[in-house]
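Chains as they are written, first to last, in this note's numbering: chain A, 1 to 253; chain B, 254 to 602. Shown next, in structure tokens, is the structure this report addresses.
Below, the structure is given as structure tokens:
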């Protein structure tokens, strides 16, 4: 009988056994796993509180084996603020989509960042409202067709895709903001390093940290998972360039 | 020892003494002094004061802080209370305890900044979406407002419900001597078994107002309804003033009830036997008691600083047993004792 010498891969402890409700090819699952791995590695599961959003990841509070709640649409940063102010020695993170964070919840995310609220936000940007059926998001690309921009997003009528990472990085209270993607194993590793750094910034009490992860929505984009990844790399990264937008953690973590 | 205090300040100090160490708020007249008092006072008691970016954010900060099982509160005035309704609905659904102070002003819309009682519907019937209730307490003096703060937090935690202290700009802004309540020892406050604190040595907990399965959500709703029923059975509060021999019972709450006490004495001097029935809990409304006492009187007169909101509950209680009349002014205009007396005389004729 074979014995196990070394475990090279297993389910992270911070993920619950609840089955994901995400579509095939969606990147939420990958990012969930990365967050859970980071929480396990940092040994903070027993002091972490999570705030799920409204959108496809509305069930995220159930997918993590952590204390958690689900906020009203866009309000997760305010809910997280309340938690953190009540329990400053706990780790609090929000998980939000682009409709949630970049449209209805702009006031809450801007002011949480500006206060330097010592929380971490994981921002999933897939350029579309997923759960309600593929409507135009504030991050929808110019010309991109959605169910509420059936002729393609047109700036005169609908404005421009909003770049939240760039915008929030101008605020004094933001200490670490990076935009990544998870289209390849290499990018997954980079995203994991970014998310880990964001949580470390919080552990050190430095202030607001956010990782924006460009993600696919094959279902609402009308593509196969492979096509969607290609479309993300070729189109989304032009409007939303990857990179670190602010890093005030140097020498601190 | 009595201290001369402003209404908003007496409420704030009483809340701190009742064990509240987390206050979130946004400035709005006529209650900004409460926010200012908390800004100065919370650091002195090692508490948290945070001025939010909006009332929408405030109520969600309250949601987050309430999730941790601590005593949390906010204060606002009518337009701000409207903005909080979304979060109030979510907190009611998540069964989170918290205390709201609404210092009512004239509406609708931007209205004005003078005293009013026009948020009765919004507070007692549910201003947000869904089948929920919140306990609504209506003190009529500063002393009563200070005394009721401890009870407000106790009720919130006993039933895992929201409690609103509904006062008007008059109570918020006036000054009178107040005997402040005793200090609650916050070390003695137990952490509730549902609080989100990090799952250390226990299974993770979830606090939500959410379930996509209608049968599961129905179970949650039936649990809320069972709680509301228990509250309605056990927590009704009211005051009766000179009703024993009254021919006319005036029903009024808050500032208006205080004015009616003066009016009742004046009316009696003129030979009209007037009494006051003052609901202290606007929800749960004292339907049973009002129903009982309405059997023996000629008239019920509801007096409000609104164009007739509480009167709907009064009519439900009286249920046709006697006449129910109304007198009220709103939009920031406070009826004078003379006006109320005239309204009584008109009925008495």
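Here a beta-carbon is modelled for each residue, glycine too, at the ideal position from N, C-alpha and C.
Output yes or no for whether 9 Å exceeds the beta carbon distance between residue i and residue j.
| i | j | result |
| --- | --- | --- |
| residue 356 of chain B | residue 422 of chain B | yes |
| residue 348 of chain B | residue 527 of chain B | no |
| residue 511 of chain B | residue 495 of chain B | no |
| residue 396 of chain B | residue 431 of chain B | yes |
| residue 491 of chain B | residue 533 of chain B | yes |
| residue 531 of chain B | residue 504 of chain B | yes |
| residue 78 of chain A | residue 70 of chain A | no |
| residue 253 of chain A | residue 204 of chain A | yes |
| residue 49 of chain A | residue 451 of chain B | yes |
| residue 199 of chain A | residue 8 of chain A | no |
| residue 111 of chain A | residue 64 of chain A | no |
| residue 125 of chain A | residue 102 of chain A | yes |
| residue 173 of chain A | residue 115 of chain A | yes |
Compute the minimum distance between the beta carbon of residue i and the heavy atoms of the ligand ATP, and state whether it is under 8 Å.
| i | result |
| --- | --- |
| residue 192 of chain A | In terms of ligand content, the structure shown is empty, and the ligand ATP therefore cannot be addressed. |
Quick check: the Cα distance between residue i and residue j, rounded to an integer number of angstroms?
| i | j | result |
| --- | --- | --- |
| residue 164 of chain A | residue 21 of chain A | 27 Å |
| residue 480 of chain B | residue 377 of chain B | 16 Å |
| residue 27 of chain A | residue 321 of chain B | 31 Å |
| residue 435 of chain B | residue 324 of chain B | 16 Å |
| residue 339 of chain B | residue 303 of chain B | 20 Å |
| residue 569 of chain B | residue 546 of chain B | 14 Å |
| residue 228 of chain A | residue 184 of chain A | 13 Å |
| residue 389 of chain B | residue 383 of chain B | 17 Å |
| residue 601 of chain B | residue 594 of chain B | 10 Å |
| residue 463 of chain B | residue 182 of chain A | 30 Å |
| residue 168 of chain A | residue 362 of chain B | 33 Å |
| residue 507 of chain B | residue 410 of chain B | 24 Å |
| residue 93 of chain A | residue 188 of chain A | 20 Å |
| residue 437 of chain B | residue 307 of chain B | 30 Å |
| residue 385 of chain B | residue 590 of chain B | 36 Å |
| residue 475 of chain B | residue 467 of chain B | 12 Å |
| residue 509 of chain B | residue 578 of chain B | 16 Å |
| residue 441 of chain B | residue 270 of chain B | 13 Å |
| residue 286 of chain B | residue 331 of chain B | 15 Å |
Give me the chain B residues within the contact set of residue i, using Cβ-Cβ distance strictly less than 8 Å, ordered along the chain.
| i | result |
| --- | --- |
| residue 79 of chain A | 313, 314, 316, 317, 320 |
| residue 223 of chain A | Chain B residues near residue 223 of chain A: none, gap ~27 Å exceeds 8 Å. |
| residue 163 of chain A | Residues of chain B passing the Cβ test: none, with the nearest at roughly 21 Å. |
| residue 90 of chain A | 450, 451 |
What does residue i reach in chain A if we use C-beta pairs closer than 8 Å?
| i | result |
| --- | --- |
| residue 461 of chain B | 61, 69, 70 |
| residue 570 of chain B | Under the 8 Å cutoff, chain A gives no residues; its nearest Cβ is about 35 Å from residue 570 of chain B. |
| residue 340 of chain B | 72, 75 |
| residue 336 of chain B | Under the 8 Å cutoff, chain A gives no residues; its nearest Cβ is about 11 Å from residue 336 of chain B. |
Going along chain A in order, which residues have a C-beta closer than 7 Å to the C-beta of residue i?
| i | result |
| --- | --- |
| residue 353 of chain B | Going along chain A, no residue has its Cβ under 7 Å from residue 353 of chain B, so there is no contact; the nearest lies around 14 Å. |
| residue 343 of chain B | 72 |
| residue 611 of chain B | In this structure chain B extends from 254 to 602, so residue 611 of chain B is not present and cannot be described. |
| residue 307 of chain B | 107 |
| residue 415 of chain B | The premise fails here: residue 415 of chain B is roughly 15 Å from chain A at the closest Cβ pair, so nothing lies under 7 Å. |
List, in order along the chain, the chain B residues whose C-beta lies closer than 7 Å to that of residue i?
| i | result |
| --- | --- |
| residue 48 of chain A | 451 |
| residue 111 of chain A | 306, 310 |
Identify which residue in the options has its Cα closest to the Cα of residue i.
| i | options | result |
| --- | --- | --- |
| residue 14 of chain A | B:256, B:589, B:457, B:525 | B:457 |
| residue 119 of chain A | A:47, A:84, A:227 | A:84 |
| residue 582 of chain B | B:491, B:360, B:485, B:384 | B:360 |
| residue 289 of chain B | B:455, B:265, B:307 | B:265 |
| residue 371 of chain B | B:396, B:341, B:419 | B:419 |
| residue 127 of chain A | A:141, A:116, A:115 | A:141 |
| residue 152 of chain A | A:144, A:216, A:35 | A:144 |
| residue 283 of chain B | B:451, B:366, B:273, B:509 | B:366 |
| residue 139 of chain A | A:177, A:226, A:213 | A:213 |
| residue 134 of chain A | A:3, A:55, A:5, A:88 | A:55 |
| residue 254 of chain B | B:560, B:572, B:433, B:592 | B:433 |
| residue 196 of chain A | A:211, A:206, A:207 | A:211 |
| residue 208 of chain A | A:89, A:171, A:19, A:86 | A:171 |
| residue 561 of chain B | B:549, B:580, B:576, B:548 | B:580 |
| residue 296 of chain B | B:316, B:498, B:309, B:275 | B:275 |
| residue 247 of chain A | A:179, A:237, A:215 | A:179 |
| residue 344 of chain B | B:316, B:369, B:331, B:336 | B:316 |
| residue 312 of chain B | B:596, B:301, B:327 | B:327 |
In chain A, which residues lie with their C-beta within 9 Å of the C-beta of residue i?
| i | result |
| --- | --- |
| residue 303 of chain B | 81, 82, 85, 115 |
| residue 255 of chain B | Neighbours of residue 255 of chain B on chain A: none; closest Cβ ~34 Å, over 9 Å. |
Could you list which residues in chain E have their beta carbon closer than 8 Å to that of residue i, in chain order?
| i | result |
| --- | --- |
| residue 470 of chain B | Of the protein chains in the structure, A and B, none is chain E. |
Tell me the start and end of each unbroken beta strand (DSSP E) in the region 68-143 of chain A that is at least 3 residues and wholly inside, in chain order.
91-97, 120-125
Kindly provide the ranges of any beta strand (DSSP E) runs that are 3 or more residues long and lie completely inside the region 186-249 of chain A, ordered along the chain.
208-214, 243-247
Where are the beta strand (DSSP E) runs, 3 residues long or more, that stay fully inside the region 426-462 of chain B, in chain order?
428-432
Continuous beta strand (DSSP E) assignments of at least 3 residues falling wholly in the region 12-78 of chain A
48-52, 67-70
Taking only runs that begin and end inside the region 364-418 of chain B, name each unbroken beta strand (DSSP E) of 3 or more residues, in chain order.
388-390
Which runs of the alpha helix (DSSP H) spanning at least 4 residues fall entirely within the region 463-531 of chain B, listed in chain order?
467-487, 507-522
Could you tell me which uninterrupted alpha helix (DSSP H) segments, each at least 4 residues in length, are contained entirely in the region 526-567 of chain B, listed from first to last along the chain?
540-547
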